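Quick notes on the structure that follows.
There are 2 protein chains.
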Amino acid sequence: MSKITSRDVARAAGVSQSTVSRALAGDERISSETRERILSTAQSIGYTPNELARSLLSNKSNIVGLVMGDLLNPFYPTVLNGFVAALQKRGKRVLLFTVPPGGEVDDVLPFLLQYQVEGVIITSSALSSKMANACERNKTPVVLFNRATYKEAVCSVCCANVQASFDLTERLIEAEHDRFAIIGGRADTSTHIERKQGLEEALARHGLALVGDEMGDNTYEGGFAAALRLLRFRRRPNAIVCVSDVMAMGALDAARFELGLRVPQDLSIVGFDDIPSASWPSYQLTTVRQPIDAMIERSLALLFDPERKTKRKAITERLPGELIVRSSALIAAKHPAE
Amino acid sequence: MSKITSRDVARAAGVSQSTVSRALAGDERISSETRERILSTAQSIGYTPNELARSLLSNKSNIVGLVMGDLLNPFYPTVLNGFVAALQKRGKRVLLFTVPPGGEVDDVLPFLLQYQVEGVIITSSALSSKMANACERNKTPVVLFNRATYKEAVCSVCCANVQASFDLTERLIEAEHDRFAIIGGRADTSTHIERKQGLEEALARHGLALVGDEMGDNTYEGGFAAALRLLRFRRRPNAIVCVSDVMAMGALDAARFELGLRVPQDLSIVGFDDIPSASWPSYQLTTVRQPIDAMIERSLALLFDPERKTKRKAITERLPGELIVRSSALIAAKHPAE
DNA sequence: CCTGTGGATGCATACGTATGCACAGGCGCT
DNA sequence: AGCGCCTGTGCATACGTATGCATCCACAGG
Chain A
10 MSKITSRDVA RAAGVSQSTV SRALAGDERI SSETRERILS TAQSIGYTPN
60 ELARSLLSNK SNIVGLVMGD LLNPFYPTVL NGFVAALQKR GKRVLLFTVP
110 PGGEVDDVLP FLLQYQVEGV IITSSALSSK MANACERNKT PVVLFNRATY
160 KEAVCSVCCA NVQASFDLTE RLIEAEHDRF AIIGGRADTS THIERKQGLE
210 EALARHGLAL VGDEMGDNTY EGGFAAALRL LRFRRRPNAI VCVSDVMAMG
260 ALDAARFELG LRVPQDLSIV GFDDIPSASW PSYQLTTVRQ PIDAMIERSL
310 ALLFDPERKT KRKAITERLP GELIVRSSAL IAAKHPAE
Chain B
10 MSKITSRDVA RAAGVSQSTV SRALAGDERI SSETRERILS TAQSIGYTPN
60 ELARSLLSNK SNIVGLVMGD LLNPFYPTVL NGFVAALQKR GKRVLLFTVP
110 PGGEVDDVLP FLLQYQVEGV IITSSALSSK MANACERNKT PVVLFNRATY
160 KEAVCSVCCA NVQASFDLTE RLIEAEHDRF AIIGGRADTS THIERKQGLE
210 EALARHGLAL VGDEMGDNTY EGGFAAALRL LRFRRRPNAI VCVSDVMAMG
260 ALDAARFELG LRVPQDLSIV GFDDIPSASW PSYQLTTVRQ PIDAMIERSL
310 ALLFDPERKT KRKAITERLP GELIVRSSAL IAAKHPAE
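Top to bottom, those sequences are chains A and B.
Numbering follows this note's numbering, with no gaps: position 262 of the first sequence is 271.
Numbering follows this note's numbering, with no gaps: position 188 of the second sequence is 197.
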């Protein structure tokens, strides 16, 4: 009783293997009584179709590869959850890979390709041109999520980071902040680069410049430590822009509990992502919400878009972020007129 | 240039397909010069072995199924991360499924079995006896993580919940708490049942009984709302035991921000899991830490244990939890003597 | 020179399923 | 009655890889 195959069902039902296959596929040509008989015998002897064999023959694995980086940043579980749910709804299976800190996407991609995945979604970081080519050669579409790439010809979906960051900064300047500091994530990520760029552009427009620039590694502890470094200045910043919410929460706690500062009276702290805990009363974090669901939808649309197979254009979609005003920063809520 | 197979490599290198297969497998019998030639041609024409075909033939898919429930409870991303990392290290691939709220594990298991997974890890909930039998028939080992089952013959790994909850309660009683309430998760989960049981046993031992019993659905919002219901009593509880940390954090914020109570002076709040945010200064949650890494290690050991294939015993392993004392509850730190 | 030996490679087949084609039987039409 | 057609089923093959067995060649020993 090792493996029960369609041949076993065929033997038990007194038909051929091909008839079993057709009956299970709902082929019209099989008479309904035969179909019934086959289905019930399949049920009774506990037959489970071998999807691997099916995939081998049809050349369609129904599997999508998902490469995640840091699952400990609360933004990504939400993303992961969304992707898995959306893919399951579309009848796709998810092969999940994790890139450990310090690891490279390139290390896991070969494994994905071996499983004949129909597409790959990468949320961890960009990928090398070598691997981009390997995917191209296999005709395996790739979509970068929350990451942009400038060199490689790969599709990506992200938030309009520069714009969102620019607008956020404008609002902070409007509210009379004039000493800005940034707590960055990792220097090699597009989110970091773009959000910093928007911030600096807005500052420059008003003749301002950053008074502090620290890295927080996209962790709570990193944000906490970075904030301590920033706030020990004699003339400390009065606005800290954090490239992600986890770091902003660390910074907030460092300011309040370690240095006894009041937020937002003594300084404003803002983040990006709008993770669930940003709305908790302990934090009330002003932040830029990423439109996760829409981004996921667009990612899958790009991934499965049939016309991408012909014109292999590297499309980058940028969805607008939404400023969520809470009480961690001195920003007036937008007038309804605007 | 659709699919590059080992035959293409064979043709390009002027050998047979079987020689290619053997060369790539590192077969000793292939002369090293032939091997070199094959490897380099494979490289140059961009050959990727088809793992599906390989799996079909060897009857070993190298895939492990992972069924997750609520990824929005921060405990589970940590678990997921740990499992994926551990499995990748063992050379296994992870096929991830999600059970949407209100869904059943039974709905996704058939898909897993179709992909010939070598084992299934379930963190969402127990599974029906029908599905347990189906897995047994397929000789597919199953391990429940953080869930126990009493009826079915399935292995499981959890924390020693009753014991941990009992000890925690004893410590709270020692510290003169006498009006206990519980905020539960979902009534049908073993974690809820067992933690409540330990709590009630300890209370009974001191002639006490619960003064409040609410459900919080293992969400922050649920914990928040449940705490409001509990704390509007005239004689409100002075200790709230929450079955998971997320709910405890909700309860804490409800007490502080909504009702103006002081924690732990006015009441103690404790949780379970020790999620990362439990240690943040805003919360400082006293909680029972689950030994996640050890639990994962034991789960995989059970899953791949060769002798389980002969004696099909349903082993339930219970690892001790560790009480982490912080400032959300009035508990003296254990004397070093003890 | 013939045979035996061993090393290197090719041939054929199997894994479990889907599908084009052939085939059998029944029925209606001329 | 004979012909064609339709319906329902079986036969054979293909997917890409791994592997038992046969084969071939070279070389050594008799």
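Yeah, the Cβ is synthetic: ideal placement off N, Cα and C, and Gly gets one too.
No experiment lies behind these values; they were computed from the predicted model shown.
*asked:* Could you tell me which whole alpha helix (DSSP H) segments of length 4 or greater appear in the stretch 300-344 of chain A?
replied: 301-313
*Is the stretch 158-167 of chain B touching the stretch 214-228 of chain B, taking contact as three or more C-beta pairs under 8 Å?*
no
*Return the Cβ separation of Pro273(A) and Ser336(A) in integer angstroms, given the expectation that the two are a contact with Cβ distance under 8 Å.*
6 Å
_Helix, strand or coil, according to DSSP, for Ser134(B) in the structure here?_
coil
_Among Ala342(B), Gly330(B) and Ala323(B), whose alpha-carbon lies nearest the alpha-carbon of Ala162(B)?_
Ala323(B)
*For a contact meaning CB atoms closer than 7 Å, what does Arg146(A) contact in chain B?*
Gly55
*Would a check of beta-carbon distances place Ala346(A) closer than 8 Å to chain B?*
Residue placement at Ala346(A) is poorly supported in this model, since its pLDDT is 47, which falls under 50; the coordinates still yield a value, given next. It does not: the Cβ of Ala346(A) has no partner Cβ on chain B nearer than 8 Å.
*For a contact meaning CB atoms closer than 7 Å, what does Glu60(B) contact in chain A?*
In chain order: Gln123 and Tyr124.
*With distances taken between CB atoms, is the gap from Thr295(A) to Phe281(A) smaller than 8 Å?*
At a Cβ-Cβ threshold of 8 Å, Thr295(A) and Phe281(A) do not count as neighbours.
*Separation of Arg238(A) from Arg180(A), as counted between CA atoms*: 25 Å
_Close beta carbons around Ala346(B), own chain, < 7 Å, minus the five adjacent residues each side_ = Any reading at Ala346(B) is ruled out, since the residue's pLDDT is 47, under 50, leaving its predicted position unreliable.
*Give the interface partners of Tyr159(A) over in chain B, defined as CB-CB distance under 8 Å, in chain order.*
Result: empty, since nearest Cβ-Cβ is about 25 Å, beyond 8 Å.
*Cβ shell of Leu32(B) (< 6 Å), same chain only, five flanking positions each side left out*: Note that residue 32(B) is Ala in the sequence shown, not Leu. Here the set comprises Ile39, Arg44 and Ile47.
_Assigned exposure category for Leu86(B) - 16 Cβ within 10 Å defines buried_ = In the sequence as presented, Leu is not what sits at residue 86(B); that position holds Pro. The residue in question, Pro86(B), is buried, as its Cβ has 16 or more Cβ neighbours within 10 Å.
_So for Ile202(A), helix, strand or coil by DSSP?_
helix
_Cβ-based neighbour list, Glu223(A), same chain, cut-off 6 Å, excluding 5 preceding and 5 following_ = The answer, listed in chain order, is Ile192, Ala235, Arg238 and Leu239.
*Nearest neighbour of Tyr292(A), chosen from Leu66(A), Ala342(A) and Met258(A) [CA to CA]*: Met258(A)
*asked:* Quick test of your reading: Asn227(B) and Asn82(B), contact by CB under 8 Å. State the CB separation rounded to the nearest angstrom.
replied: 5 Å
*Alpha-carbon spacing of Arg204(B) relative to Val171(B), whole angstroms*: Here the alpha carbon of Arg204(B) sits roughly 5 Å from the alpha carbon of Val171(B).
*Tell me, which residues are paired with Leu75(A) by DSSP?*
Leu105(A) and Ile130(A)
*What runs of the beta strand (DSSP E), each 3 residues or longer, lie entirely inside the stretch 157-234 of chain A?*
164-168, 189-193 and 221-224
*Is there at least one Cβ from chain A nearer than 8 Å to Ala34(B)'s Cβ?*
Output row for Ala34(B): interface = no.
*Proximity test, Cβ basis, 8 Å: Asp262(B) and chain A*: yes
*When DSSP labels each residue in this structure, what does Gly259(A) get in the three-state scheme?*
Helix, per DSSP.
*Whether Val76(B) touches Ile13(B) by CB criterion (8 Å)*: no
*Run the CB neighbour count on Ala196(A), radius 10 Å, all protein chains shown included, and call it buried at 16 or more, exposed below.*
exposed
*Three-state secondary structure assigned by DSSP to Glu111(B)*: The residue asked about is misnamed: residue 111(B) is Gly in this sequence, not Glu. Coil at Gly111(B), not helix or strand.
_Same chain only: Cβ atoms within 6 Å of Leu105(A), ignoring 5 sequence neighbours per side_ = Leu75
*Determine the DSSP secondary structure at Val93(A), reduced to helix, strand or coil.*
Three-state DSSP puts Val93(A) in a helix.
_Just to confirm the assignment, what range does the beta strand (DSSP E) spanning Arg298(B) have?_
Thr295 to Arg298
*For Arg188(B), I'd like the list of residues in its chain whose CB is within less than 6 Å of its CB, leaving aside the five on either flank, ordered along the chain.*
Val220, Pro246 and Asn247
*Taking the Cβ atom as the reference point for each residue, do Asp115(B) and Leu136(B) lie within a distance shorter than 8 Å?*
Yes, these two residues count as a Cβ contact at 8 Å.
*What does a CB cutoff of less than 6 Å around Ala287(B) pick up in its chain, not counting 5 residues either side in sequence?*
Asp254, Leu294 and Thr296
*DSSP puts Ala248(B) in a beta bridge; with which residues?*
Phe189(B) and Ser277(B)
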